[in-house]
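Colleague: Dropping a structure here in structure tokens format, bear with me for questions.
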């Protein structure tokens with residue numbers, strides 16, 4: 013694997029950083045806090061971490077830049093000559109998104125999604141199958157990626173811990189798991205022995221159950237035989253009812269066919285009658301009510317005219333009594349009124365004359381006529397006043413008589429006007445009635461109704477009109493019922509003859525060929541059919557119940573037989589299982605002996621694999637150390653590390669700091685070869701010279717330079733400028749305003 017490109021957006025102190033990585037030794041230089049290690053940590057996080065990040069506290073808030081809600085890491089790598097891009101998007105509030113793309117020219121093809129999918133595909137591409145996610149991360153951090161402070165961890169830890177650590181990374185820990193699994197499996201032997209005893213007991217119980225079930229089987233077979241006889245009798249009853257039902261249906265079909273024929277005949281009769289009486293029905297519909305109304309109106313007008321004439325007569329009598337003479341008509345009354353008015357005029361003239369006389373007398377004291385002196389003035393005055401008073405009384409009486417007479421005359425005029433109106437109405441109504449009567453008589457004559465009076469003629473027409481309406485109602489009903497009904501090819505005579513045998517069903521054959529008689533027969537047949545149908549349904553249900561019971565018993569019998577067969581099979585199965593369990597118990601015993609001897613940490617296989625691993629790791633590490641012209645090492649049986657010196661060995665703790673770093677790098681590369689099956693192509697070291705003096709720093713960088721010539725790519729993160737002497741490319745990182753800035757030197 014080769015790192016080709018890293019892009020950081022809002023990650024740690026990197027706001028917008030892009031770094032290109034060539035082959036050779038790539039040095040990332042910068043002061044503490046500049047953001048150098050953030051680049052390596054980002055590579056590790058993108059390629060190898062799961063949902064729970066195992067660096068920098070593991071919280072996204074510590075990874076995403078302060079003040080930002082999300083960040084993104086994009087790492088482009090080369091594996092076996094093919095390029096891949098891993099993109100991870102981190103969010104404070106949302107789950108992390110992860111995608112892996114294969115880069116083919118300018119085209120990106122999605123290879124995996126989600127964190128687990130991306131990690132699984134990266135693991136597969138690196139050839140690390142069979143390791144858990146946590147073991148993959150441990151292996152990577154123990155081989156090709158040395159995070160800050162982890163470079164010499166493999167030589168700093170204790171010997172026993174180192175042994176367990178290396179064996180677990182190489183998968184040898186599965187031998188211990190295999191031993192534990194086999195112990196769990198072989199622990200089944202005691203349970204199988206108990207199961208063997210239990211199955212023997214079950215076998216005896218099954219044999220007893222078989223005997224009981226055979227008795228139940230015999231009883232069920234007897235009950236089935238009885239039920240089969242009952243079903244045979246029930247089937248006969250159902251068959252008889254079906255035959256009777258069929259006979260009824262045949263007669264019902266005959267009766268209904270006759271009903272249709274008679275109905276169609278009746279329809280023709282009604283159509284002919286309606287055609288004949290349609291004129292009368294129309295006349296009666298249009299004029300029948302009008303005729304009666306005219307007669308009633310004429311009677312009412314005649315009564316009102318008589319009443320009005322009587323009122324006029326009473327008014328004339330009243331006037332006759334007033335004037336004490338016979339007043340025969342309105343003209344006489346008006347003449348008398350004129351006479352009264354003339355008398356009023358005369359009385360008023362006399363009254364005025366006497367008034368003039370009185371005024372002249374009072375003025376002159378002489379007679380108003382002759383001018384002579386009146387001796388007795390008082391008597392004369394009283395005489396004149398008496399005349400005036402008498403005339404006033406006469407005028408008052410005449411006014412009252414005129415008022416009363418005028419009132420009576422006004423009423424007489426109203427009566428006369430109303431009477432004239434009534435006479436005109438009577439004349440018009442009588443003319444209309446006469447015309448209707450004439451048309452009625454013509455219809456009566458046309459339809460053979462002669463020598464009848466008006467009332468009888470109208471009554472006959474009304475009866476015929478109503479009968480025609482009844483015919484229409486009957487015709488409508490028949491059409492609604494029988495329209496669309498097809499007639500049988502049989503003649504009515506054949507149907508009547510066939511229906512005469514209906515007495516077989518206890519029904520009297522029809523005595524007349526009336527449709528109502530046929531309808532009664534249809535109704536009766538329908539009732540009988542319904543009764544027989546209910547009996548048939550009841551018998552069918554009973555038969556169905558009997559058959560269901562039979563099926564139930566047969567089902568029970570089949571179940572019993574099946575149970576017997578099952579138990580017999582169980583007997584054979586239990587016998588086979590008992591034999592199989594015995595064999596399995598023996599097999600577990602043999603397997604347990606094998607596991608105790610060959611598996612586990614102390615087993616033969618583990619001891620041999622541990623020996624081979626120790627020798628291979630020592631061999632490969634020494635190959636690297638020899639290439640670096642450094643002292644070789646020895647790895648003891650307990651994975652103790654010694655430095656070979658002339659005449660013996662020294663414990664690793666006695667080695668210098670620079671030599672420890674070199675040995676740690678050699679062990680990392682050797683372990684990577686063993687785990688991945690091939691030599692690594694990349695090595696990433698974060699601050700490999702920390703806590704070393706200048707001489708040791710120079711030595712370590714020299715060693716890294718040698719390793720850079722053996723590997724395709726070595727990435728070194730350091731604050732020490734001496735690394736420039738061995739670097740093929742230099743990337744500088746500085747922090748400006750809490751934001752990391754990256755520049756590249758060649």
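Residue numbers (the working numbering): 13 to 758.
Yeah, the Cβ is synthetic: ideal placement off N, Cα and C, and Gly gets one too.
Less than 8 Å between the C-beta atoms of residue 35 and residue 724, yes or no?
Modeller: Within the chain shown, numbered from 1, the residue matching residue 35 stands at position 23. Within the chain shown, numbered from 1, the residue matching residue 724 stands at position 712. Note that the C-beta distance between residue 35 and residue 724 is below 8 Å.
Colleague: Buried or exposed: residue 606, going by 16 or more other Cβ atoms within 10 Å of its Cβ?
Modeller: In the chain shown, counting from the first residue as 1, residue 606 sits at position 594. Exposed is the call here.
Colleague: Give the DSSP-derived three-state secondary structure of residue 760 in the structure shown.
Modeller: Residue 760 falls outside the range modelled here, since the chain spans only 13 to 758, and no answer is possible.
Colleague: Express the C-alpha separation of residue 333 and residue 424 in angstroms, rounding to a whole number.
Modeller: Position 412 of the chain shown holds residue 424. Position 321 of the chain shown holds residue 333. Just so you know, the alpha carbons of residue 424 and residue 333 end up roughly 16 Å apart.
Colleague: If you drop the 5 nearest sequence neighbours on each side, which residues of the same chain put their C-beta closer than 6 Å to that of residue 60?
Modeller: On the chain shown, position 48 is the one that residue 60 refers to. Hits under 6 Å: 149 and 152.
Colleague: If you follow the beta strand (DSSP E) that residue 22 is in, where does it begin and where does it stop?
Modeller: For the purposes of this step, residue 22 is taken as the residue at position 10 of the chain shown. Under the DSSP assignment, residue 22 falls in the beta strand (DSSP E) whose first and last residues are 14-23.
Colleague: State the start and end residues of the unbroken alpha helix (DSSP H) segment that holds residue 738.
Modeller: Locating residue 738 in the chain shown gives position 726, where the first residue counts as 1. Boundaries cannot be given for residue 738, as no alpha helix (DSSP H) includes it and DSSP labels it neither H nor E.
Colleague: Assign residue 539 to buried or exposed, taking buried as 16 or more other Cβ atoms, counted over all protein chains shown, within 10 Å of its Cβ.
Modeller: Here residue 539 is taken as the residue at index 527 of the chain shown, counted from 1. Label assigned to residue 539: exposed.
Colleague: So for residue 763, helix, strand or coil by DSSP?
Modeller: Since the first residue of the chain shown is 13 and the last is 758, residue 763 is not available in this structure.
Colleague: Excluding the 5 residues preceding and the 5 following residue 632 in the sequence, name in chain order all residues of the same chain whose CB lies nearer than 6 Å to its CB.
Modeller: As a first step, residue 632 is located in the chain shown; it is residue number 620 there, counting from the start. Around residue 632: 682 and 685.
Colleague: Would you list the one or two residues that DSSP bridges to residue 116?
Modeller: For the purposes of this step, residue 116 is taken as residue 104 along the chain shown, with counting starting at 1. BP columns for residue 116 point to 119.
Colleague: Contact between the stretch 425-432 and the stretch 320-329 is defined here as three or more beta-carbon pairs at a separation below 8 Å; is this criterion met?
Modeller: yes
Colleague: Considering only residues of the stretch 339-386, which uninterrupted alpha helix (DSSP H) runs meet the minimum length of 4 residues and lie entirely inside it, listed in chain order?
Modeller: DSSP runs (the alpha helix (DSSP H)) wholly in the stretch 339-386: 342-376.
Colleague: From residue 745 to residue 43, what does the alpha carbon distance come to, in whole angstroms?
Modeller: Walking along the chain shown from the start, residue 745 turns up at place 733. Walking along the chain shown from the start, residue 43 turns up at place 31. Between residue 745 and residue 43, the C-alpha separation is close to 8 Å.
Colleague: Find out if the Cβ-Cβ distance for the pair residue 702, residue 39 is shorter than 8 Å.
Modeller: What you label residue 702 is simply residue 690 of the chain shown in a count that begins at 1. What you label residue 39 is simply residue 27 of the chain shown in a count that begins at 1. Not closer than 8 Å, so no.
Colleague: Return the Cβ separation of residue 263 and residue 537 in integer angstroms, given the expectation that the two are a contact with Cβ distance under 8 Å.
Modeller: Within the chain shown, the letter at position 251 stands for residue 263. Within the chain shown, the letter at position 525 stands for residue 537. Contact holds; Cβ gap of about 6 Å.
Colleague: Which whole-angstrom value is the C-beta distance of residue 328 and residue 418, which I expect to be below 8 Å?
Modeller: As a working note, residue 328 is residue 316 in the chain shown. As a working note, residue 418 is residue 406 in the chain shown. With a Cβ gap of about 15 Å, residue 328 and residue 418 do not count as contacting.
Colleague: Could you pull the start and end residues of the beta strand (DSSP E) that residue 36 belongs to?
Modeller: Locating residue 36 in the chain shown gives position 24, counting from the first residue. Residue 36 -> beta strand (DSSP E) spans 36-41.
Colleague: So what does residue 26 bridge to, in DSSP terms?
Modeller: Locating residue 26 in the chain shown gives position 14, counting from the first residue. Note: residue 26 sits in a beta bridge opposite 23.
Colleague: How big is the Cα-Cα spacing for residue 355 and residue 450?
Modeller: Mapped onto the chain shown, residue 355 falls at position 343. Mapped onto the chain shown, residue 450 falls at position 438. Residue 355 and residue 450: Cα-Cα distance of roughly 59 Å.
Colleague: Expressed to the nearest angstrom, what Euclidean distance is found between the alpha-carbon atoms of residue 584 and residue 214?
Modeller: Walking along the chain shown from the start, residue 584 turns up at place 572. Walking along the chain shown from the start, residue 214 turns up at place 202. Taken atom to atom, the span from the alpha-carbon of residue 584 to that of residue 214 is near 12 Å.
Colleague: Who pairs with residue 101 in a beta bridge, going by DSSP?
Modeller: What you label residue 101 is simply residue 89 of the chain shown in a count that begins at 1. For residue 101, the pairing in a beta bridge is given by DSSP as 84 and 109.
Colleague: Find the nearest neighbour of residue 163 within the set 672, 755 and 750, judged by alpha-carbon distance.
Modeller: Here residue 163 refers to the residue found at position 151 of the chain shown. Restricting attention to 672, 755 and 750, the CA atom closest to the CA of residue 163 is found in 672.
Colleague: Using 8 Å as the cut-off, can you tell me whether the stretch 357-374 makes contact with the stretch 383-401, which would need three or more C-beta pairs spanning the two stretches below that distance?
Modeller: Cβ pair count under 8 Å is three or more, so yes.
Colleague: Could you tell me the distance, in whole angstroms, from the CA atom of residue 480 to the CA atom of residue 286?
Modeller: On the chain shown, position 468 is the one that residue 480 refers to. On the chain shown, position 274 is the one that residue 286 refers to. The C-alpha of residue 286 is placed about 6 Å away from the C-alpha of residue 480.
Colleague: Whose C-beta lies closer than 7 Å to the C-beta of residue 379 among residues of the same chain, with five residues either side of it excluded?
Modeller: Here residue 379 is taken as the residue at index 367 of the chain shown, counted from 1. 386.
Colleague: Are three or more beta carbon pairs between the stretch 539-551 and the stretch 252-260 nearer than 8 Å?
Modeller: yes
Colleague: Among 90, 140, 87 and 290, which residue has its Cα nearest to the Cα of residue 476?
Modeller: Position 464 of the chain shown, counting from 1, holds the residue named residue 476. That would be 290, whose Cα lies nearest to the Cα of residue 476.
Colleague: Looking only at C-alpha atoms, which of 90, 507 and 75 sits nearest to residue 83?
Modeller: As a position in the chain shown, residue 83 is number 71, starting the count at 1. Comparing Cα positions, the closest option is 75.
Colleague: So the candidates are 351, 727 and 532; which of them puts its Cα closest to the Cα of residue 267?
Modeller: The residue given as residue 267 occupies position 255 in the chain shown. Closest option to residue 267, Cα to Cα, is 532.
Colleague: Take every Cβ of the stretch 201-216, pair it with every Cβ of the stretch 581-595, and state whether three or more of those distances are shorter than 8 Å.
Modeller: A contact exists between the stretch 201-216 and the stretch 581-595.
Colleague: Jot down the residue ranges of each uninterrupted alpha helix (DSSP H) in the stretch 649-692, minimum 4 residues, whole runs only, in chain order.
Modeller: 669-688
Colleague: Can you have a look at residue 28 and say buried or exposed, based on whether 16 or more other CB atoms are within 10 angstroms of its CB?
Modeller: Taking the chain shown and counting its residues from 1, the one referred to as residue 28 is at position 16. Burial call: exposed.
Colleague: Within the continuous alpha helix (DSSP H) that includes residue 75, where are the two ends?
Modeller: Taking the chain shown and counting its residues from 1, the one referred to as residue 75 is at position 63. That run of the alpha helix (DSSP H) goes 72-75.
Colleague: Give me the Cβ distance between residue 407 and residue 360, rounded to the nearest whole Å; I'm assuming they're in contact under 8 Å.
Modeller: In the chain shown, residue 407 corresponds to position 395, counting from 1. In the chain shown, residue 360 corresponds to position 348, counting from 1. At roughly 6 Å, the Cβ-Cβ gap stays under 8 Å, so residue 407 and residue 360 are in contact.
Colleague: What number of angstroms, rounded off, separates the C-alpha of residue 717 from the C-alpha of residue 646?
Modeller: As a first step, residue 717 is located in the chain shown; it is residue number 705 there, counting from the start. As a first step, residue 646 is located in the chain shown; it is residue number 634 there, counting from the start. Distance between the alpha carbons of residue 717 and residue 646: 24 Å.
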